[in-house]
Amino acid sequence: MGQKVNPIGLRLGINRTWDSRWFANTGEYGQLLHEDIKIRKYLEKELKQAAISKVVIERPHKKCRVTIHAARPGLIIGKKGADIEKLRKKLMEMTKSET
């Protein structure tokens, strides 16, 4: 009779790390969590063809850093970085902070 354990929770700190790395005070935790969920859903919807495997969100002081791991990064970047700038502007609108 084995115990069922979440594989991500078991591997955290051993050979995997968290997908969201930030700390928030009690009052703003819910807002930041909803922003993370909105960012992930937006990226999943908009960049479906890029085969995204992982999205890491870090929040240093009053900023938001989003790292996208994808099989086809050329679709995200676009010609001469035009698409990545559009994506950055959209994320700045969503988070209301520097991205």
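For the sequence shown, my numbering gives the first residue as 281, with consecutive numbering after it. Glycine included, every Cβ here is placed at the ideal spot set by N, Cα and C.
Does DSSP put residue i in a helix, a strand or coil?
i    : result
E308 : coil
L292 : strand
Can you tell me the Cβ-Cβ gap for residue i and residue j, rounded? I've got them flagged as a contact below 8 Å.
i    : j    : result
S300 : K343 : Their Cβ separation, rounded to whole angstroms, is 14 Å, which puts S300 and K343 out of contact at 8 Å.
L292 : A304 : Their Cβ separation, rounded to whole angstroms, is 19 Å, which puts L292 and A304 out of contact at 8 Å.
Measure the Cβ-Cβ separation of residue i and residue j and say whether it is below 8 Å.
i    : j    : result
M374 : E315 : yes
I356 : I348 : yes
R383 : W298 : The structure shown does not extend to residue 383, since the chain is modelled only from 281 through 379, so no value can be given for it.
Taking the beta strand (DSSP E) that residue i falls in, what are its first and last residues?
i    : result
I332 : 332 to 338
I348 : 345 to 350
Just reading off the alpha helix (DSSP H) that residue i is part of, what are its end residues?
i    : result
E373 : 362 to 375
L355 : 353 to 357
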